[in-house]
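Quick notes on the structure that follows.
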Amino acid sequence: MKKTPKRDLFPGALEMMILQTLRRQPSHGYALVQHIKQTSHDLLQIEEGSLYPALQRLLKEELVKAEWGVSSTNRRVRIYKLTAAGAKHLELEVSSFERMLEGITHVLAPGEL
Amino acid sequence: MNWLRQLFSRRRMYGELSEEIQEHLEEKTAELVAGGMSREEAAYAARREFGNVNLVEENGRDIWRWLAIENFFADVRYSLRMLGRNPMFTAVGMLTIAIGIGANTAVFSVVNSVLLKPLNYPRSQELVALTKIAPGAAGLADFRNGLLLSPSMYFTYAEQNRTFQALGVWVPDTANVTGLAEPEQVRTVDVSDGVLQALAVSPTLGRWFSQEDQIRRGPERVMLSYGYWQRRFAGDRTVVGRNVLVDSRSREIIGVMPQGFRFLDTDFDLIVPLAFERGKAILAGFGYHGIARLKPGVAIAEANTDMIRMLPIWMDSWSNGPGTNSHIYETWKITPMIHPLKQEVLGNINEVLWVVMGTIGLVMMIACANVTNLLLVRVESRQQELAVRAALGAGWARIVRGLLVESVLLGLMGGALGVGFAYAGVHFLVATGPANLPRLSEISVDTRTLEFAFLVSVLSGLLFGLIPALKYAGRRKTLDLRSAGRAISVSRERHRARNLLVIGQMAMAVVLLVSAGLMIRTFKALRSVDPGFTDAQRLQLMRISIPGSLVAEPERVTRMQNEIADKLGAIPGVKSVGFASEMPMEGFDSDWDAIYAQDKTYSEGEIPPLRLYKHLSPGFLETSGTRIIAGRELTWTEVYGLRPVAMVSENLAREMWGTPSAAIGKRLREYSSMQWHEVIGVLQDVRENGVQEKSPETVYWPPLMKGLFGPGPVVQAVRTVTFAIRSERAGTQAFLNEVRQAVWSVNSNLPLASVQTMQNVYDKSVARTSFTLVMLGIAGTMAVALGMIGIYGVISYTVSQRRREIGIRLALGAQRGDVLQMLLGQGARTALVGVAIGIGSALGLTELMRSLLFGVSAQDPVTFAGVAVLLTFVALLASYIPARRATLVDPTVALRYE
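Residue numbers (the working numbering), protein chains in the order written: chain S, -10 to 102; chain W, 13 to 910.
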């Protein structure tokens, strides 16, 4: 079913973005997607649905927790919050991601060598 | 316990996930509507943005579970549901597999118990049979046992060997036990020192024989088998130390062997010490089976070398009496051929069992082909379902796995049922006890057999599931969604798999039928051999032994036998009676020696070939139906008058004098001090060693004569003889009662042994052939039946698929005959290709069963042609029924079909 030409995110990227978003403020799934889409200026083509399995993974590893609540638009939604473990995990992930990015950037940078 | 909590809260979580996703979609839709879209459009867009809801849900759920296992169980549940929804298909498939696996498991349990399991002795791999061949000693070293050991050989080997831990000789025998209840003839095993030590099975009660018990004229002792102990002494533990009368001699019981202990494959009641007299041992007397336990780490080749080293020692240490040449045995070319004891027990049965296992395996393949066919049809009718599943996002692997789980499940269910069949089959087999199968009592369905059944079930499930799964699971063309399940047209490709299967089935059926056919021809060839006796069904046999302790004087022994024959002859319905030292094919250790003719000259030290020696009473030939070729039978007057007469077999007469009539009047003797015996009759050749074996050259002596057992003027009688009674009533219980009364009216201390008809003896001698025949017959019949179903299925399916096409043909003016011909042609072509391949394979494969054949070539053209014609006919028949149905198609109905 992967007919549309689309670059997949690397494993763990979506989780990282979710955790980062949740660190600012607990929110429910739909809001999460919208936030990620907007802040990435729609550059990342994320299928909205793919968020949910990622959230389930984070729940399972207890990096986030969920509670039913009411959204600003008065809907019954599940609101996800970052846990302490989640915050720690995020830090580690971000720093390792930055190192990786730096490495890749160096290699790709034209003219240097 | 986190995972446990998760496990139990999963259902709720899944619900929450679904709800959450619904909320997401609704929120999105609401937002889009607010942005000015119509509700319908908005809902659609929301879904598009979201992706595959089911897949997301499933992936979300997957996070929480042990994927592999749970998917597997889901597949199992689903498969069970699918199988349950189609009970007819499931039942037919299961039954086909059950029959195949049942037959295979039953045969495997036999192969396992008989061929694969070690013998029932401690460290049995060390046990060997001390067999040797002696090409120079023709008949003496017979085809079954090779050259047996003499007592002097035993002494030499036991004392001089360097490679054995223990070594001894033994021989099966019979003895009369009196004084307990009715006189009873029991089976004994006579053993030398070393035999029990080699077998190393401790007695349940008491002790083994010691060396002291092996001294002639020493203490007389005996050991009991477990069965005899239970039967005669009711398992009384105080039996040790008591005495029994064995052949009128009192022997002390010193031990009881444990339950299940057997001598190789011989069941016995008593073990008696041989107690050889060392001082009287000569070189000759080759009548004992050697058995030994190798020292740890010694190879059979080393033991053979050791035996070769000891042969000259043996010849130097012993003699056959003054004036004889001890090194005469060099001309016999005695060669040790030690082999594992297990091989000795199995004899030549392993070829038969492997052939049977192979054929039954082929039947299994045919059964699998049929199930594959069924599955192909079914998968085709399920294409729509599969296409839907694929469209919903199920991966290729997932669908293949689902289909395989289903077929393996079918295999396992069939296997479970099949194991039931196997239990019944093995039970039946052990109860009927065919083919003198060795180790019959050990045959059972054990863990290894069950493992085998399980393995075969899974493998066959994979085998017949793989083809349909690979063929259809991968198709995800959108076309399938629309077209599957409706027969627009049938692609050639779809047919190819099925046709190939039918071709394979036909080919395997040909192989099986050809094998069965060759066995039938073998059996017929055996039947047509004149065995040297007639109408075996009406020939009652029994064996009577008159021990020296009962009647000492030789002539009185013969007179008693004569009296018994007369009494038996007086029983109503008896035509004639006679007796002989043994009947053909009875398999008793027979007597062999060289014979010298008066009119021939022999060079110094020359020993002519060995001939079979037998003793016949007057009246025996008439009773057995053995024809006299020339001359006449001997008379009682000649017997009692100790007249030096003899008879010879036709082949011996021809070899020595050219024609049977030329033999009459010629004179023979066994050794130089024996008086010359005149040949008075020539008898037809008798198949003494079994129908398949060539008739041995035979000399027939009177039952009472001078020098019967060696040089000397002493008159001796044959004390153990088989009586033959010719009567219509042979084998009936009433008749046997009268026979017993007649014998006991002469002497009430005489037990009757080996009471059977000649037909039993004959059947036993062809048992291996008939067993193979029956097994191959069953396999062949199953193969034909399954092959017929296969062809029928394919043609019916073709017809159902081509209904419309046939309707069009008929509407356009095709004759019904043409349609019939077309369909029959398709069936015939498939069958012929299969038959051709089958004939080709059979030409090679039947070579493997050459040793089982008799009087027929492994490439017998009659059998091959017959099978080809038969199977082609069967294939046409199987195609005819559905083809005929096709011609009855009403064109208008067929065209309106869709």
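In this text, a Cβ means the ideal position worked out from N, Cα and C, and glycines have one as well.
With H, G and I counted as helix, E and B as strand and the rest as coil, what does DSSP make of residue i?
i, result
"Lys345 of chain W", "coil"
"Glu87 of chain S", "helix"
"Thr613 of chain W", "coil"
"Thr638 of chain W", "coil"
"Val901 of chain W", "coil"
"Pro99 of chain W", "helix"
"Ala496 of chain W", "Low confidence applies to Ala496 of chain W: its pLDDT is 44, below 50, so where it sits in the model is not reliable, and the reading given next is rough at best. Coil, per DSSP."
"Ser766 of chain W", "strand"
"Thr490 of chain W", "With a pLDDT of only 43 at Thr490 of chain W, under 50, the local geometry of the prediction cannot be trusted, and no value is derived from it."
"Glu705 of chain W", "coil"
"Ser262 of chain W", "strand"
"Thr793 of chain W", "helix"
"His78 of chain S", "helix"
"Gly272 of chain W", "coil"
"Asn663 of chain W", "helix"
"Phe155 of chain W", "Its pLDDT being 48, under 50, Phe155 of chain W is placed unreliably by the model, and nothing is read from it."
"Ile68 of chain S", "strand"
"Asp775 of chain W", "helix"
"Arg5 of chain W", "Since the first residue of chain W shown is 13 and the last is 910, residue 5 of chain W is not available in this structure."
"Leu(-2) of chain S", "coil"
"Ser588 of chain W", "strand"
"Tyr26 of chain W", "helix"
"Ala311 of chain W", "coil"
"Gln696 of chain W", "coil"
"Ile737 of chain W", "strand"
Per the DSSP calculation, residue i is bridged to which residue(s)?
i, result
"Ser136 of chain W", "In DSSP, Ser136 of chain W forms no bridge with anything."
"Thr671 of chain W", "DSSP output for Thr671 of chain W lists no bridge partner at all."
"Lys626 of chain W", "W:Tyr712"
"Ser557 of chain W", "W:Thr732"
"Tyr300 of chain W", "W:Leu161"
"Glu196 of chain W", "W:Val189"
"Glu690 of chain W", "W:Val657 and W:Arg679"
"Trp326 of chain W", "Beta-bridge pairing links Trp326 of chain W to no other residue."
"Glu56 of chain S", "S:Ile68"
"Ile283 of chain W", "W:Val201 and W:Met235"
"Ala141 of chain W", "W:Ile303 and W:His351"
"Gln833 of chain W", "Gln833 of chain W pairs with nothing; no bridge assigned."
"Asp605 of chain W", "W:Arg623"
"Trp182 of chain W", "W:Val203 and W:His301"
Which residues of chain S have a Cβ atom closer than 8 Å to the Cβ of residue i, listed in chain order?
i, result
"Val68 of chain W", "Gly38, Ser39, Tyr41 and Pro42"
"Trp76 of chain W", "Gln45 and Lys49"
"Asn61 of chain W", "The sequence given here places Glu at residue 61 of chain W; Asn does not occur at that position. Correct list: Glu36 and Glu37."
Anything in chain W within Cβ reach of residue i, meaning under 9 Å, just list it in chain order.
i, result
"Thr62 of chain S", "Glu39, Ala42 and Glu43"
Does the beta-carbon of residue i, which I'm using as the reference point, lie nearer than 7 Å to any heavy atom of the ligand MN?
i, result
"Val569 of chain W", "Inclusion of the ligand MN in the displayed structure is not the case, the ligand content being empty and no account of it being possible."
Please list the partners that residue i has in chain W, where partner means a Cβ-to-Cβ separation under 8 Å.
i, result
"Gly1 of chain S", "The premise fails here: Gly1 of chain S is roughly 14 Å from chain W at the closest Cβ pair, so nothing lies under 8 Å."
"His59 of chain S", "Sequence inspection shows Val at residue 59 of chain S; the His mentioned does not correspond to that position. Within 8 Å Cβ-Cβ: nothing; Val59 of chain S doesn't reach chain W, min ~11 Å."
Note down, in chain order, every chain S residue with its Cβ under 7 Å from the Cβ of residue i.
i, result
"Glu82 of chain W", "None at all; the shortest Cβ gap to chain S is about 15 Å."
"Val65 of chain W", "Gly38"
"Asn71 of chain W", "Pro42"
For a cutoff of 8 Å on Cβ pairs, would you count residue i as touching chain C?
i, result
"His439 of chain W", "Of the protein chains in the structure, S and W, none is chain C."
Along chain W, in chain order, which residues have C-beta atoms closer than 7 Å to that of residue i?
i, result
"Gly18 of chain S", "Glu32 and His36"
"Val66 of chain S", "Glu35"
If the cut is a Cβ gap below 9 Å, which residues of chain S does residue i touch?
i, result
"Glu28 of chain W", "Ala55, Trp57 and Arg67"
"Gly48 of chain W", "Within 9 Å Cβ-Cβ: nothing; Gly48 of chain W doesn't reach chain S, min ~18 Å."
Indicate whether the contact test is met: 3 or more Cβ pairs, each with one atom in the stretch 756 to 772 of chain W and one in the stretch 539 to 548 of chain W, closer than 8 Å. yes
Between the stretch 64 to 79 of chain W and the stretch 90 to 109 of chain W, do three or more beta carbon pairs fall short of 8 Å? Cβ pair count under 8 Å is below three, so no.
Contact the stretch 791 to 800 of chain W vs the stretch 378 to 388 of chain W: 3+ CB pairs below 8 Å: yes
Please list the segments of the alpha helix (DSSP H) lying wholly inside the stretch 351 to 439 of chain W, counting only runs of 4 or more residues, in order along the chain. 353 to 358, 361 to 393 and 395 to 403
Do three or more CB pairs link the stretch 625 to 641 of chain W to the stretch 695 to 706 of chain W at distances below 8 Å? yes
Quick check on the DSSP output: what are the complete alpha helix (DSSP H) runs of length 4 or more inside the stretch 28 to 114 of chain W, in order along the chain? 51 to 62, 65 to 74 and 79 to 97
Does the stretch 882 to 902 of chain W come close enough to the stretch 536 to 545 of chain W to have 3 or more Cβ pairs within less than 8 Å? No, the stretch 882 to 902 of chain W is not in contact with the stretch 536 to 545 of chain W.
For the structure I just gave you, are there three or more beta carbon pairs, one from the stretch 40 to 54 of chain S and one from the stretch 67 to 77 of chain S, closer than 8 Å? yes
So, does the stretch 416 to 434 of chain W touch the stretch 469 to 482 of chain W, judging by three or more C-beta pairs under 8 Å? yes
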